[in-house]
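Here the numbering used here is used: the first residue of the sequence shown is 5, the next is one more, and so on. Note that the Cβ used here is the ideal one computed from N, Cα and C, for glycine as well. What you are looking at is a predicted structure, and each value in this text was computed from that prediction instead of being measured.
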Amino acid sequence: MNQLGATVTDNSVRFAVWSSSARRLWVSIFDRGGAREVERLELKPQGDSVHALFVPGLASGACYGFRADGDYAPERGLWFDPNKLLTDPYAVEIDRPYENHWRLAAKRSEGADTALLMPKAVVRALPQPLPTQQPLFQPGGLIYELSVRSFTKLHPDIPEAQRGTIAALAHPAVIEHLKHLGVSAVELMPITASIDERHLPPLGLSNAWGYNPVTFMALDPRLAPGGLTELRDTVAALRKAGIGTILDLVFNHTAESDRLGPTLSLRGLDAQAYYSHLPDGRLANDTGTGNTVACDHPVVRDMVLDTLRHFVRFAGVDGFRFDLAPVLGRVGGAFDPEAPLLQAIAADPALADRVLIAEPWDIGPNGYQLGNFRPPYLEWNDRYRDDVRRFWRGDAGGVGALATRLAGSADVFGRAGQPVSRGVNFIAAHDGMTLADIVTYERKHNTANGEQNRDGHDDNLSWNNGVEGETDDAEIVKARFGDQRALLATLFASRGTIMLTAGDEFGRSQKGNNNAYAQDNAITWLDWAGRDEALERYTSALSAMRRAFPALSDTHFLTGEPSDASAIPDVEWLTETGAPLGEAEWNDPGRHRLAMMIGDRGDGRLAVMVNGDRRQCVFTLPARDGFEWRPAIETQEVDLARPLPGRSMNFMIERRVTKAGARKGL
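Spelled out as structure tokens, the structure:
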């Protein structure tokens, strides 16, 4: 029996941990308050570098941690120090949040025992696994990315005591909002326990995003005071409403960071095995956070798989988004799309049908891997983000790139004859400017982060419509509103999976901060009271249109050929006069207009009219006997006899006219 972690038996608890280089390992048992160590028991070798012990008389609720001894030689990747209490890598619960303290990073013999500074792992008997259910989310749907805390912290309808927690997502007001938007699945930014980076507390800041984990299974007590049961119940409530749950997980690094970082868990147990190292012995840093988890090591691979199975079996989640996913595919430091871990996830019986989304870049060698993951992995598509922003900013020569992105990015995902797009289209995400800030700020404004505005990307492909930041100028306010509508309309008109970050549907702003990871305050908390309800209604209307016209969410690449016997091409690209776009028009750097005509199995077409010019324009759409054009969205007033406004996107739908002259509805 080599199961790792704390396993509850009839009259005892079995503790087991893996280390290939520790000479001695102990489990420290604490009182129920976690303040006093009541026993320190040495674990026994069990083979295959597993050390374990049955401790009689213990039960669910017991508090514990591990200790390890061996060589202390950081230059060789050895950090053993029995004065460092270590969190069990397989802990499923901790008794309180982590707090950074200098003694957690003290050298051996230079710091006192860290037990009082560390949360304690809590022994928990896991519930019965949930019945196997197919994921609700399917590629082509709408993913809604959110931070649990920032999304619910200021929500007026949620009881104050529940705000900022996972349970708040099950509140009827939240579910109503998600259903109103037509959300297919929420993607929860990290909810496992994390710790602030060491430079934040002196600045009076804290990590608001959670991308700094210590271990991988234990939930953050601040977000889930009810533990795994809270997540399980919330996932069930969302599922009952037809909404799936995707967890954003961080397996690429841990909060133990670089050589100067704290010793919290993996480093103190076996840093040589758990982390990647350079030939000279230094920690690899493919993540920019100080260390790289060695996902090519068999023990790490098993730990990642066990974590994913844990959240599927006991919480019922639809799937996962992998932060800096090339790390999961690095073998000997180089990315391999056929890496054992990537293949094992996709082939595992408990995981094979789950949603798997890769953020396809890290900062290591050859770290940009967009389009290189294998099915079934979906990938965040930053080419989409950048080309859409460039077009609506007014950059020259962008019409061809826009069409490619609208059609599913076959140039990226159609390699080797792949017939479907695996891209996740997005314009704004948690990392970077919000959608409203893209049209309000030309430059980043990150001074609140305490790094003299040096952090964050400098090239945001953003524009300010004439004034940097907030303004009372009515014309500029109107232009910004129109630009947000155009960006949202582009997203919802795009072929394949789309992602909207929470609050972008109603104009959330971070005051130009494009790296707000350290702003657990009003900069990132959604302002529900001040939301732009008109923009929110428009977003809902776009989503309803997308659901009513399934060709938009289809993930197959558009071909320009009929998809059935109707002789209607699945797509036509037209000028504003209704003529096909030719080579000259595609290559015209001054062209900012086009119409995308999407067929719908012979029952009609959807016309997506894009006017990226600041001047008004009349669009002419081809007519067919027995069909008529009418607005596809109730909230827009489109008359093809009148010019469409500049920098706008509008939709007309073609439907058959019955013999009696009545219109066939959507």
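N-terminal and C-terminal residue of the beta strand (DSSP E) that residue i is part of
i, result
"residue 55", "54-60"
"residue 50", "48-51"
"residue 278", "No beta strand (DSSP E) holds residue 278; the alpha helix (DSSP H) holding it covers 270-278."
"residue 634", "631-635"
"residue 69", "67-73"
"residue 191", "189-192"
"residue 30", "28-34"
"residue 252", "248-253"
"residue 577", "575-578"
"residue 326", "323-326"
Where residue i falls: helix, strand or coil (DSSP)
i, result
"residue 447", "coil"
"residue 547", "helix"
"residue 125", "strand"
"residue 231", "helix"
"residue 603", "strand"
"residue 302", "helix"
"residue 218", "coil"
"residue 23", "coil"
"residue 154", "helix"
"residue 480", "helix"
"residue 491", "helix"
"residue 657", "strand"
"residue 311", "helix"
"residue 238", "helix"
"residue 106", "helix"
"residue 204", "coil"
"residue 94", "coil"
"residue 669", "Note that residue 669 scores 43 on pLDDT, short of 50, meaning its location in the model is unreliable; the coordinates nonetheless yield the value given after this. Residue 669: coil per DSSP, three-state reduction."
"residue 646", "coil"
"residue 209", "coil"
"residue 1", "Nothing in the structure corresponds to residue 1, since the chain is present only between 5 and 670."
"residue 584", "strand"
"residue 89", "coil"
"residue 287", "strand"
Residue i to residue j span [Cα, whole Å]
i, j, result
"residue 385", "residue 77", "42 Å"
"residue 670", "residue 610", "In this prediction, residue 670 has a pLDDT of 42, which is less than 50 and means its spatial position is unreliable; nothing more can be read from the coordinates."
"residue 446", "residue 472", "7 Å"
"residue 498", "residue 412", "7 Å"
"residue 91", "residue 125", "6 Å"
"residue 315", "residue 494", "34 Å"
"residue 26", "residue 276", "11 Å"
"residue 540", "residue 219", "38 Å"
"residue 533", "residue 625", "41 Å"
"residue 638", "residue 480", "25 Å"
"residue 573", "residue 559", "16 Å"
"residue 506", "residue 416", "27 Å"
"residue 355", "residue 223", "20 Å"
"residue 247", "residue 141", "8 Å"
"residue 589", "residue 596", "10 Å"
"residue 340", "residue 543", "39 Å"
"residue 255", "residue 327", "7 Å"
"residue 105", "residue 202", "8 Å"
Residue i: first and last residue of the uninterrupted alpha helix (DSSP H) it sits in
i, result
"residue 183", "176-185"
"residue 408", "403-410"
"residue 532", "Segment: none, residue 532 is in no alpha helix (DSSP H) and carries neither H nor E."
"residue 587", "587-590"
"residue 442", "439-442"
"residue 415", "414-417"
Which residues DSSP lists as bridging residue i, in chain order
i, result
"residue 688", "This structure does not reach residue 688, given that the chain is present from 5 up to 670, and the question cannot be answered."
"residue 504", "148"
"residue 615", "597, 652"
"residue 560", "424"
"residue 44", "32"
"residue 429", "385, 502"
"residue 335", "338"
"residue 626", "None; residue 626 has no bridge partner."
"residue 297", "279"
"residue 566", "573"
"residue 196", "223"
"residue 609", "603"
"residue 82", "77"
Heavy atom of the ligand GTP within 7 Å of residue i beta-carbon
i, result
"residue 385", "Absence of the ligand GTP is noted for the structure shown, with no ligands found whatsoever."
Start-end ranges of the beta strand (DSSP E) lying completely within the segment 347-392, minimum 3 residues
359-362, 382-385
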